[in-house]
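Below: one structure, written as C-alpha cells.
There are 2 protein chains.
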Amino acid sequence: MYIGIDLGGTNIAVGLVNEKCEIIHKGSVPTLKERNYQEIVKDMADLAKKVTEEAGYTLADVKAVGIGCPGTVDSVNGEVVYSNNIKMDHVPLVAEFKKHIDLPVGIENDANAAAYGEYIATGKKLDSFVLITLGTGVGSGAIINGKIYRGFNGSGAEMGHASIVMDGKVCTCGKRGCFEQYASVTALINQTKEKMEDRPESLMHEWIKKKGKVNGRTAFECAKAGDKAAKEVKEQYIRYVAEGVSNIINIFQPELFVIGGGISKEGDELLIPIKEFVYENDFNKYMPKTEITIAKLFNDAGIIGAALAAVNN
Amino acid sequence: MYIGIDLGGTNIAVGLVNEKCEIIHKGSVPTLKERNYQEIVKDMADLAKKVTEEAGYTLADVKAVGIGCPGTVDSVNGEVVYSNNIKMDHVPLVAEFKKHIDLPVGIENDANAAAYGEYIATGKKLDSFVLITLGTGVGSGAIINGKIYRGFNGSGAEMGHASIVMDGKVCTCGKRGCFEQYASVTALINQTKEKMEDRPESLMHEWIKKKGKVNGRTAFECAKAGDKAAKEVKEQYIRYVAEGVSNIINIFQPELFVIGGGISKEGDELLIPIKEFVYENDFNKYMPKTEITIAKLFNDAGIIGAALAAVNN
Chain A
1 MYIGIDLGGT NIAVGLVNEK CEIIHKGSVP TLKERNYQEI VKDMADLAKK
51 VTEEAGYTLA DVKAVGIGCP GTVDSVNGEV VYSNNIKMDH VPLVAEFKKH
101 IDLPVGIEND ANAAAYGEYI ATGKKLDSFV LITLGTGVGS GAIINGKIYR
151 GFNGSGAEMG HASIVMDGKV CTCGKRGCFE QYASVTALIN QTKEKMEDRP
201 ESLMHEWIKK KGKVNGRTAF ECAKAGDKAA KEVKEQYIRY VAEGVSNIIN
251 IFQPELFVIG GGISKEGDEL LIPIKEFVYE NDFNKYMPKT EITIAKLFND
301 AGIIGAALAA VNN
Chain B
1001 MYIGIDLGGT NIAVGLVNEK CEIIHKGSVP TLKERNYQEI VKDMADLAKK
1051 VTEEAGYTLA DVKAVGIGCP GTVDSVNGEV VYSNNIKMDH VPLVAEFKKH
1101 IDLPVGIEND ANAAAYGEYI ATGKKLDSFV LITLGTGVGS GAIINGKIYR
1151 GFNGSGAEMG HASIVMDGKV CTCGKRGCFE QYASVTALIN QTKEKMEDRP
1201 ESLMHEWIKK KGKVNGRTAF ECAKAGDKAA KEVKEQYIRY VAEGVSNIIN
1251 IFQPELFVIG GGISKEGDEL LIPIKEFVYE NDFNKYMPKT EITIAKLFND
1301 AGIIGAALAA VNN
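Protein chains in written order, with this note's numbering: chain A, 1 to 313; chain B, 1001 to 1313.
Structure follows, in C-alpha cells:
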C-alpha cells in the first residue's frame, strides 16, 4: 500500500494506492496556500492518516509516501526549490513531512508525477511516453525506459515552455511565444473572449448569460450548437495544440503520447483533428507511428503517479 | 581498434579509431550517390581495408565497424529504411557490408552518431547531452544516461523539425516553420541573399565579387568589417538559432548542449549571444544551468561516433 499526495494550489488531495496502482480511498482538504509550509505539511500528514484509517488500514500497511508538488522540485534532496503557485522557496518538504509520518517519502514535480501515473495506467512497459496536460498551464512529463526524465538539474521536460510562435505572446516564464500561451485552458478562454468581442452575433454571448462566465467549454459547446464564431475559436485552438504536439513527437517519437487536463475531456472532438495534423506533419514517414490518446486517470494521475514515483524512481 | 564510417551525400569518410576514441588514420572517397547501393557499400569496405592497412594494422585488430548514415535508420535490423539524400529504400546495409568484411557491424543515423562522438569527446559521464549541427540542415541527437535516444521507432530526436514559427516557411519534411528552415546554413544563405537584394549599398556585394558566391561566412565576415546590413543578417540568424536552442533546453535541461556544424566555427561570435538569450529565457531559474559549448570534433564526430555507437549501443 502506498500513499500519494497531490499538493495543488487549491486543494491537497490524498489517496491510498494499492499494489495494482488503484486508488482504494481518497480525500481532500483546502490548501489555504497563504499559510506557512509547516501548517500545510501538517494538514497533508493528517489527511494521509485519515484516508488510511477510513480505508481500514494503518500506517504500518503503508510502504512509502509520494508527494507531487508544483514548481521546481529537487527529488534527490527532498526539497521544493521554488514554487510560484504555492509560495515556497527552498522548503525541506520531505524532512518536514517525516516529522509527522516516519515512512520513506519521495517528492516529485506534479506534472512528472501525473505523467508517471498515466504511464503506469497503461499497464505496459513502453520504450518512451509523453503526457501533456492542458490546464491552467501546459504541464508535461516524459517517461523514458520506465523512468521519469528530469534533465540533469531536475527542471526538465517543460514542453509547455518551448515556443511555437517566435516573438509571440509573453509567457509567465518570461519567454515569448511558449506553447502554453496558446494551448492552455487559460489561452483558450482568452481566445474565446477575443472572438466574442469581434462577434456580437455569436451564440457564445447567450451561453455566457446562462452559464455565468467564459470557460474552456464555451467554444466547444457553442460550436457543437452550430455557432460559426465558436467553431473558429475551437479550430484555431486545436491547431495550436496540434502544432505543439507535432513538435514534441518529432523530438521524442514516443511510443505513446497522452493528452490530459480539463480540455482533454472533449475526447474525439480534440483528438481526431490533432492526430490528423500530427501524422501529416510527422518527420517519421517510414517507421511505426506514435499512438496518441486521451488520458485515462485525469485528476487521479497526480496521486497515483506521486505514490508510484516515490517507490520506483 | 574500431572502424567508423561516415556515409555522406558527397563523400564516404572512414577512420580507424583507437580505444581512447581518437582517429589514428582516416581517408575518404566520393560517394557517387547515384550508383546502386552494392557499389557504394563495396567502396566503403575497400576504403575501410585501405585505411586499416595504411595505419599498419589488419582487420584482425578491429573489433567492430560502425556506419553513420543519413535518413531513417533501423539500427536493430541493420537497415537504412529510407534516405532522401543518398537514395536508399529498405537497404540491408549491414548484411551487404558483412559480405565484404565479416566483423560485428552497427548502423546509426548520422546525426545520432555525431552526437555520440561529441558526447564521448567530453570524456565525462553526463546525465544528459544534446548536439545540434548547423549545416545543410539542422541535425540533432540526444544522449541520455550514456545512450543514444532514438524514440521507440528509431526516428527520434529530430529537433530541427520542431517549429519555431507556426505557419512559417515550408520545410523539406513537409511541415511549416521548422527550426531547420531558420537556423541551417542553407537558411543563413537565403537570409543573406534576401538582405542583399534589399541593400545594394552593402559590403556583401563586394565580398561576393571576390569570393564567388554567398555562403555561411558572408554575413559574419562582412559584419566584422562593419557592414550594417550584414550585421542585421547575422543578428537575426543568431536570434533564430537561440530560439531553437532555448526551446530544446527548456525541454531537455541537458547537462551539456553542444553546437556543431560549419557555422559553429564562428565560435564566440555565435556562442555568446546564444547563451545570453538562452539563460535569459530559461524556464529553470533556480537550479544549475545547462552548459553550452561549441563542438570539439566537428567532422570527425561522425566517424568517431559511428565507431563507438557500434560498440556501445
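Every residue gets a Cβ at the ideal spot worked out from N, C-alpha and C, and that includes glycine.
The straight-line gap separating the alpha-carbon atoms of A/GLN253 and B/ALA1306 is approximately 22 Å.
In its chain, beyond the 5 residues on either side, THR1133, LEU1134 and GLY1135 have a beta carbon closer than 6 Å to the beta carbon of B/GLY1261.
Closer than 7 Å to the CB of A/THR122 there is not a single CB belonging to chain B.
At a cut-off of 7 Å, the C-beta of B/GLU1255 has a neighbouring C-beta in chain A.
Any Cβ of chain A closer than 7 Å to the Cβ of B/ILE1238 would place that residue at the interface, and such an atom is absent. By the neighbour-count definition (other C-beta atoms within 10 Å, threshold 16), A/ASN36 is an exposed residue. Taken through DSSP and simplified to helix, strand or coil, B/LEU1134 comes out as strand. With contacts defined by Cβ atoms closer than 7 Å, B/ILE1274 and B/ALA1242 form a contacting pair. Between the beta-carbon of A/THR218 and that of A/THR192 there is about 5 Å, and that keeps the pair under the 8 Å contact cut. The beta-carbon separation of A/GLU79 and A/VAL91, rounded to 7 Å, stays under the 8 Å limit for a contact.
Restricted to the segment 32–91 of chain A, the beta strand (DSSP E) segments that are unbroken, complete and at least 3 residues in length are 64–69, 72–74, 79–83 and 88–91, listed in chain order. Note that the segment 283–290 of chain A does not touch the segment 42–59 of chain A; fewer than 3 beta-carbon pairs, one per stretch, sit closer than 8 Å. Taking the Cβ atoms as the reference, B/VAL1065 lies roughly 4 Å from B/ILE1003, within the contact range of under 8 Å.
Around the Cβ of B/THR1058, a 10 Å sphere holds fewer than 16 other Cβ atoms; the residue is exposed. When secondary structure is reduced to three states using DSSP, B/ASP1110 falls in the helix class. Straight across, the Cα-Cα distance linking A/ILE148 with A/GLY267 is about 26 Å. Within the model, the alpha-carbon separation for A/MET44 versus A/VAL170 is close to 35 Å.
Within the segment 209–287 of chain A, the complete alpha helix (DSSP H) segments at least 4 residues long are 218–224, 228–252 and 268–280, listed from N- to C-terminus. Taking CB atoms only, A/GLU158 has a neighbour in chain B less than 7 Å away.
For the C-beta of A/GLU243, the chain B residues within less than 7 Å are, from N- to C-terminus, SER1163 and MET1166. Runs of alpha helix (DSSP H) with 4 or more residues, each lying fully within the segment 1151–1199 of chain B, are found at 1180–1183 and 1185–1198, listed in chain order. For A/ASN312, the enclosing alpha helix (DSSP H) has its first and last residue at 300–312. Contact annotation, B/ILE1248 with B/VAL1130: C-beta distance approximately 6 Å; criterion of less than 8 Å satisfied. Three or more beta-carbon pairs separated by less than 8 Å link the segment 1296–1306 of chain B to the segment 1104–1122 of chain B, which places the two stretches in contact. At a cut-off of 7 Å between C-beta atoms, B/ILE1272 does not count as an interface residue with respect to chain A. Taken in chain order, the members of the segment 278–293 of chain A whose beta-carbon sits within less than 9 Å of a beta-carbon on chain B are GLU280, ASN281, ASP282, PHE283, ASN284, LYS285, TYR286, MET287, PRO288, LYS289 and THR290.
7 Å or more divides the Cβ of A/MET166 from the Cβ of B/ILE1263.
Counting only the Cα atoms, B/GLN1038 lies some 20 Å from B/VAL1076.
The straight-line gap separating the alpha-carbon atoms of A/LYS87 and B/VAL1138 is approximately 40 Å. Under the 7 Å criterion on CB atoms, A/ASN190 is classed as non-interfacial with respect to chain B. Judged by DSSP in its simplified three-state form, A/ILE120 adopts helix. Taking CB atoms only, B/GLY1260 has no neighbour in chain A less than 7 Å away. CA-to-CA, the gap between B/ALA1157 and A/ASP6 works out to about 31 Å. Taking a C-beta distance under 7 Å as the contact criterion, B/PHE1179 and B/GLY1123 do not qualify as a contact pair. A residue is called buried once 16 or more other Cβ atoms fall within 10 Å of its Cβ, and A/LYS211, having fewer, is exposed.
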